[in-house]
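Per numbering that gives the first Met the number 0, numbering through the sequence shown is continuous, rising by one, with the last residue being 247. The beta carbon of each residue, even a glycine, is placed where N, CA and C say it ideally should be. Working notes, beginning with the structure itself.
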Amino acid sequence: MRYLSTVFGLIIGSVSSLSYATTLEIAVASNFAEPAKQIAQQFEQQTKIQVSISSAATGVLANQIRNGAPYKIFLSADQTTPKILIETGYAVAASQFTYAQGQLVLWSANPHLIDSSGKILTTGNFKYLAIANPKLAPYGAAGYQTLSKLGLTQQLQSKIVNGDNISNTYQYVASGNAQLGFVALAQIMQKGKISQGSYWIVPQTISPLIKQDGIILKAGASDPNAQKFLNFMRSESALTILRTYGYR
Numbered sequence: 000m001r002y003l004s005t006v007f008g009l010i011i012g013s014v015s016s017l018s019y020a021t022t023l024e025i026a027v028a029s030n031f032a033e034p035a036k037q038i039a040q041q042f043e044q045q046t047k048i049q050v051s052i053s054s055a056a057t058g059v060l061a062n063q064i065r066n067g068a069p070y071k072i073f074l075s076a077d078q079t080t081p082k083i084l085i086e087t088g089y090a091v092a093a094s095q096f097t098y099a100q101g102q103l104v105l106w107s108a109n110p111h112l113i114d115s116s117g118k119i120l121t122t123g124n125f126k127y128l129a130i131a132n133p134k135l136a137p138y139g140a141a142g143y144q145t146l147s148k149l150g151l152t153q154q155l156q157s158k159i160v161n162g163d164n165i166s167n168t169y170q171y172v173a174s175g176n177a178q179l180g181f182v183a184l185a186q187i188m189q190k191g192k193i194s195q196g197s198y199w200i201v202p203q204t205i206s207p208l209i210k211q212d213g214i215i216l217k218a219g220a221s222d223p224n225a226q227k228f229l230n231f232m233r234s235e236s237a238l239t240i241l242r243t244y245g246y247r
């Protein structure tokens, strides 16, 4: 009996260990995809816990979560979406925290198009202005709010093209299909510097810093690796990566 109990205990222990050895599935807002990959890589190296990153617009990921996607963590591009997911029973209430604050920027791949005050918006000397879908992407909503505060929404409406998410919006501009667009500062940063093109960092008096919150989802509630990752997000290693992308 003692032998059987010992074997049974070993089997249970092995099953328990295996249940947390599976990949940690993380849903990440498009604007944070690149930093998330770097953070996940460091996390994997330090903990040997495998991470899988899936990125899309915040609204798209939220719908996937409601429809049963097996994500254990959600790194949103806003604070409202995680709050709603908690209120509707899809996430762990005590887990919500602000992991980054992002900034909106008007950007063009043309190094001579945009000046330091964004004057081109008022002149309208361009064919297309790319903005992410405001119903799905918080940075898209911030772009429209900026136009509204500047009193330019009606004037520029016919020039606006919408990306499904902030990554698609960036691609519209990078490819030249749109001459300029509102993107996340992080998308045009490399090693702490804006790498190319011309830009106007939208003042915080017009577009406040965009607070981005993370949460543990229902599927990750009993997985200690989910909390380990969120703890790692607060580490100096992760914060150093955030800063190189212009996050605060």
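Measure the alpha-carbon distance for residue i versus residue j and round it to whole angstroms.
| i | j | result |
| --- | --- | --- |
| Arg233 | Tyr98 | 7 Å |
| Ile165 | Thr21 | 30 Å |
| Leu103 | Lys210 | 11 Å |
| Tyr89 | Leu216 | 6 Å |
| Ala140 | Ser147 | 11 Å |
| Gln156 | Gly142 | 12 Å |
| Leu17 | Gln41 | Bear in mind that the predicted position of Leu17 carries a pLDDT of just 40, short of 50, making it unreliable; the figure below should be weighed with that in mind. Distance between the alpha carbons of Leu17 and Gln41: 22 Å. |
| Gln154 | Val50 | 45 Å |
| Ile48 | Asn224 | 8 Å |
| Thr79 | Pro137 | 10 Å |
| Ala185 | Ala39 | 17 Å |
| Leu135 | Gly162 | 10 Å |
| Tyr169 | Ala237 | 24 Å |
| Ala131 | Phe228 | 29 Å |
| Tyr171 | Leu120 | 17 Å |
Please determine, among the options, the residue with the shortest C-alpha to C-alpha distance to residue i.
| i | options | result |
| --- | --- | --- |
| Ile72 | Thr152, Gln95, Thr243 | Gln95 |
| Asp212 | Ser75, Ser51, Glu24 | Ser75 |
| Ile159 | Trp199, Leu128, Ser221 | Leu128 |
| Ala220 | Pro133, Ile205, Val91, Ala237 | Val91 |
| Met188 | Ser236, Ile48, Leu241, Tyr171 | Leu241 |
| Gly196 | Asp77, Leu105, Leu120 | Leu105 |
| Pro133 | Phe125, Ala173, Thr145, Lys126 | Thr145 |
| Leu151 | Lys118, Asn66, Ile52 | Lys118 |
| Tyr246 | Ala35, Trp199, Leu135 | Ala35 |
| Pro110 | Leu179, Gln170, Glu24, Gln154 | Leu179 |
| Gln226 | Gly67, Gln37, Val27, Ala93 | Ala93 |
| Ser174 | Ala39, Gly101, Ser107 | Ser107 |
| Asn167 | Phe228, Leu149, Ser54 | Ser54 |
| Tyr198 | Leu112, Pro69, Thr79, Ile52 | Leu112 |
| Gly292 | Glu24, Ile48, Thr46, Pro137 | Residue 292 lies beyond the residue range present for the chain, which begins at 0 and ends at 247; the question has no answer from this structure. |
| Phe125 | Ala218, Ala237, Ile52, Ala177 | Ala177 |
| Val27 | Thr46, Asp77, Leu149 | Asp77 |
| Asp222 | Gln37, Gln44, Ile200, Tyr70 | Tyr70 |
Taking DSSP as the reference, what is the three-state secondary structure of residue i?
| i | result |
| --- | --- |
| Thr125 | Position check: residue 125 holds Phe in this sequence, whereas Thr was assumed. In this structure, Phe125 counts as coil in the three-state DSSP scheme. |
| Asn109 | coil |
| Ala173 | helix |
| Ile83 | helix |
| Lys192 | strand |
| Val201 | coil |
| Asn161 | strand |
| Val104 | strand |
| Ser236 | helix |
| Leu151 | coil |
| Ser221 | coil |
| Ser29 | helix |
| Gly12 | In this prediction, Gly12 has a pLDDT of 39, which is less than 50 and means its spatial position is unreliable; what the coordinates show is noted afterwards. It is helical. |
| Leu216 | strand |
| Gln44 | helix |
| Val59 | helix |
Does the Cβ of residue i have 16 or more other Cβ atoms within 10 Å, making it buried, or fewer, making it exposed?
| i | result |
| --- | --- |
| Ser29 | buried |
| Ala56 | buried |
| Asp114 | exposed |
| Asn230 | exposed |
| Thr204 | exposed |
| Gly191 | exposed |
| Glu33 | buried |
| Ile11 | Model confidence at Ile11 stands at a pLDDT of 36, short of 50, so the residue's coordinates are unreliable; what they give is reported in the following sentence. So Ile11 ends up on the exposed side. |
| Pro202 | exposed |
| Glu235 | exposed |
| Gly101 | buried |
| Thr122 | exposed |
| Thr239 | exposed |
| Ser194 | exposed |
| Ser206 | buried |
Consider the C-beta atom of residue i and the heavy atoms of the ligand MN; say whether any pair is separated by less than 7 Å.
| i | result |
| --- | --- |
| Asn167 | Ligands displayed in this structure: none; no statement on the ligand MN is therefore possible. |
Checklist entry - If we count Cβ pairs, one from each stretch, closer than 8 Å, do we get three or more for the segment 82 to 89 versus the segment 59 to 67? => result yes
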